[in-house]
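J.:
Protein chains in written order, with UniProt numbering: chain A, 1 to 271; chain B, 1 to 438.
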């Protein structure tokens, strides 16, 4: 599926207007860290070409849920996931599913910008290279340029592609990480508090970027900032104590939530 | 603190300060700094003493007294029946010291009939001239019958006397050089025939019971072979073991046990590794004694824990965010480790390895047990041949009685220290070269 073509985007947007298309479906998802249970039977569906924000107080399980979506929890020792999560009908916890391929389809951006200590070019090229997306150098150059364009970073770094990625400012580093995730042509991009280490201007840029990326990708974002959730997302899910409290349109969540706890959290009464 | 609290009476008052002893705190800090400086000076003092003692005793070892005289390669002595065409052994077994003695005696004007005088002259020349002149003749038999100017190796005692290391005020019977020899020595020195030259022999010669002809050449080759074996075996095995333990192995009682054992092995006395090598490599596997192969294997076992501990620490120090970034892009665990984690851990691994190697280079005890304390005069061509090692050579020379071996012991220590300095500088440079920011 070529998510980059215009036709596909239009089709996807059309589809969205007519019916609700779910990209990922989580059913009765529970997560245990050893004996401790971190998530309790969460049922949450992620809509295609939509930004879904996960909010909730610290330790409520929103990051844990995010990490189940591309099986990053597998890397944590003693972590166990039950329930079922599908990506376009494929059960991602099925034994047949290769976790490497899954993570190519479901990319991730982390809380702290974590570029590789290599050049900007190498940072972007690494993913396409290990997945064999470029046949030759020209292909790779094109992927690198397109990814940086998409992350809105091309104009700033095009003259220093072969300088270190760690020499960029924090905001640029985070956009580099987004470009790196985009470079492997994922279908879903998971973002774990991508702006928490950035200043307000860099945050605004990343938020704008998230807004643009929605046309081509399905985005799930964990955030601690209510304003950010309100600004960037169309759907919002509220977690509390490992349970999904409410999932709704963002507008409704922030004006007239169904659940009292959501109301309290958004108003800043706890959390 | 400028906070003001209201007293119960409602009157604003400054809070009472507890006596926290600011002066005492500063005094404690000053004391601590003084202790630190004292400890540092103490260490530096002893380092300076060590270097001074080694260098002051050893620098003379890099000079060697030679007697440069015209030597007549008399056919009468070398091959009087002219058999060299049919019997090549003739040239090898000829009486070369006699030629050298005659040459020096001629310069000193000692009559051919003065037997005791000739014996005294003979004692001034090292027996090493046998090999020196033989090599010249065998390489070029044409020089037989001609007279060539040759720098002959002076005997060890003359060497020591000329360097002023023998106390000439002692009665003649109690020292190794006679007054007559000292007189000749001064006579030759004045005419310019006897003088100090740079001692290449100490670097290239094998061991010898004559100090003037002894060198660390064999030991250098033995040490080189061993370092090569340690590097080739210990680095890959150590790094592979660390990667497995750190990244793949499940954390359970068994791996805990392995970890405790590795840490303990690093502290096991090295002589125990020598016993192990003797039992396993020589007695069980039947490898030759005194071979640098066995030495290298034993030192590999000894170095492995050091490399494993350093590598694991270096792997642990790589930020988890780098692993998460690679895994999140869909890199497999193997790719994550080899593309990202290992390159970042490289400076630490290399530093640990070179420190381990330097440790192995200076190790003596295990080598004594596997027979590397042997007297080896010929170059080993392969690691299977008998050889010795630098620290063992030092140990052997330190046990010798001759005065000239004292300076050579210190000279060999200087050579060993130079190698260690070079290796440690290499470690620093490599670390700088591979170090990256993140």
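Glycine is no exception: its CB is placed at the ideal position from the N, C-alpha and C atoms.
Note that the structure is predicted; figures quoted are calculated from it, not measured.
Please list, in chain order, all residues of the same chain as residue 184(A) whose beta carbon is under 8 Å from its beta carbon, the five residues on each side excluded.
T.: Here the set comprises 104, 107, 127, 128, 131 and 133.
J.: Assuming contact is defined by CB atoms lying nearer than 8 Å, are residue 275(A) and residue 46(A) in contact in what I supplied?
T.: Absent from the structure is residue 275(A), since the part of chain A shown begins at 1 and ends at 271.
J.: Name, please, each residue of chain A whose Cβ falls closer than 7 Å to the Cβ of residue 322(B).
T.: Those within 7 Å of residue 322(B) in chain A are 114 and 116.
J.: Is the beta carbon of residue 250(A) less than 8 Å from the beta carbon of residue 233(A)?
T.: Yes, the pair counts as a contact, with Cβ atoms nearer than the cut-off.
J.: Between the Cα of residue 476(B) and those of 91(B), 147(B) and 405(B), spot the shortest distance and give me the residue it belongs to.
T.: An answer regarding residue 476(B) cannot be provided, because it is not within the stretch 1 to 438 covered by chain B.
J.: Between residue 238(A) and residue 100(A), what straight-line distance do the alpha-carbon atoms span, to the nearest angstrom?
T.: Roughly 29 Å between the two C-alpha positions.
J.: Might you give, ordered along the chain, the residues of its own chain that have their beta carbon closer than 6 Å to the beta carbon of residue 201(B), omitting 5 neighbours on each side?
T.: So the list reads 215, once near-sequence residues are dropped.
J.: Would you report the Cα separation of residue 187(B) and residue 132(B), rounded to the nearest angstrom?
T.: Roughly 24 Å separates the two Cα atoms.
J.: According to DSSP, is residue 23(A) helix, strand or coil?
T.: Reduced to three states, the DSSP call for residue 23(A) is strand.
J.: Compare the C-beta of residue 325(B) against all C-beta atoms of chain A and say whether one is closer than 8 Å.
T.: Yes, because at least one Cβ of chain A sits closer than 8 Å to the Cβ of residue 325(B).
J.: Where residue 296(B) and residue 138(B) are concerned, what is the direct C-alpha to C-alpha distance, given to the nearest angstrom?
T.: Looking at the two C-alpha atoms, the distance is approximately 36 Å.
J.: Alpha carbon to alpha carbon, how far is residue 217(B) from residue 419(B)? Give it in angstroms, no decimals.
T.: Those two C-alpha atoms are separated by around 14 Å.
J.: Cα separation between residue 144(B) and residue 75(B)?
T.: Cα to Cα, residue 144(B) sits roughly 6 Å from residue 75(B).
J.: Using a beta-carbon distance below 8 Å, is residue 245(B) in contact with chain A?
T.: By this cut-off, residue 245(B) is not an interface position.
J.: Would you call the stretch 255-274 of chain B and the stretch 296-310 of chain B touching, i.e. three or more CB-CB distances under 8 Å?
T.: Touching, yes, given that three or more Cβ pairs across the two stretches are closer than 8 Å.
J.: Using 8 Å as the Cβ pair cut-off and three pairs as the minimum, do the stretch 110-120 of chain A and the stretch 320-339 of chain B touch?
T.: Enough Cβ pairs lie closer than 8 Å, so yes.
J.: Pull up the distance between the alpha-carbon of residue 240(A) and that of residue 264(A), whole angstroms please.
T.: Taking the straight line joining both Cα atoms gives about 12 Å.
J.: What are the partner residues of residue 79(A), as DSSP defines its beta bridges?
T.: The partner list for residue 79(A) (beta bridge, DSSP) reads 33(A).
J.: Between 177(A), 267(A), 76(A) and 60(A), which lies nearest to residue 247(B) when the distance is taken from Cα to Cα?
T.: The shortest C-alpha separation from residue 247(B) is found at 76(A).
J.: By Cβ distance below 7 Å, which residues in the same chain neighbour residue 319(A) in space, the five residues on each side in sequence not counted?
T.: With chain A running from 1 to 271 in the structure shown, residue 319(A) is simply not present.
J.: Within the present structure, is the beta-carbon of residue 156(A) separated from the nearest heavy atom of the ligand ATP by less than 7 Å?
T.: What this structure holds is no ligand at all, so the ligand ATP is not there to describe.
J.: Taking the DSSP output, what are the residues bridged to residue 156(A)?
T.: In DSSP, residue 156(A) forms no bridge with anything.
J.: Please report the distance separating the alpha-carbon of residue 443(B) from that of residue 427(B).
T.: No answer is possible for residue 443(B): it lies beyond the span of chain B, which begins at 1 and ends at 438.
J.: So, at 6 Å on beta carbons, what are the nonlocal neighbours of residue 438(B) in its own chain, with the 5 sequence-adjacent residues on each side left out?
T.: Residue placement at residue 438(B) is poorly supported in this model, since its pLDDT is 46, which falls under 50; the coordinates still yield a value, given next. Within the same chain, residue 438(B) has no close Cβ partners at all.
J.: Starting from residue 248(A), trace the beta strand (DSSP E) in both directions and tell me its first and last residue.
T.: 243-249 is the span of the beta strand (DSSP E), which, as asked, contains residue 248(A).
J.: Under DSSP, the beta strand (DSSP E) around residue 251(B) begins and ends at which residues?
T.: Careful: residue 251(B) lies outside any beta strand (DSSP E) and carries neither H nor E.
J.: Just to make sure I have the definition right: I need the residues of chain A whose C-beta is within less than 7 Å of the C-beta of residue 316(B). Which are they?
T.: Simply none; closest approach about 15 Å.
J.: Using the Cβ count rule (16 or more neighbours within 10 Å means buried), how would you classify residue 1(B)?
T.: Any answer about residue 1(B) is weak, because its pLDDT of 43 lies below 50 and its placement is not dependable; what the coordinates show is given next. It is exposed - the Cβ of residue 1(B) has fewer than 16 other Cβ atoms within 10 Å.
J.: Could you tell me the distance, in whole angstroms, from the CA atom of residue 288(B) to the CA atom of residue 280(B)?
T.: Distance between the alpha carbons of residue 288(B) and residue 280(B) is about 12 Å.
J.: Can you name the start and end residues of the alpha helix (DSSP H) that residue 223(A) belongs to?
T.: Note, residue 223(A): premise wrong, no alpha helix (DSSP H); not H, not E.
J.: Quick check: what's the CA-CA separation for residue 47(B) versus residue 53(B)?
T.: Cα to Cα, the separation comes out at about 10 Å.
J.: In whole angstroms, what is the alpha-carbon distance linking residue 29(B) and residue 23(B)?
T.: Spanning the two alpha carbons is a distance of roughly 10 Å.
J.: Pull up the DSSP beta-bridge partners for residue 53(A), would you.
T.: Answer is 221(A) and 236(A), bridged to residue 53(A).
J.: Would you call the CB atoms of residue 158(A) and residue 84(A) closer than 8 Å?
T.: No, these two residues do not count as a Cβ contact at 8 Å.
J.: Whose Cβ in chain E lies nearer than 9 Å to the Cβ of residue 107(A)?
T.: Of the protein chains in the structure, A and B, none is chain E.
J.: Assign residue 438(B) to one of three DSSP states: helix, strand, or coil.
T.: For residue 438(B), the predicted model reports a pLDDT of 46, less than 50, meaning its position is unreliable and no value from the coordinates is stated.
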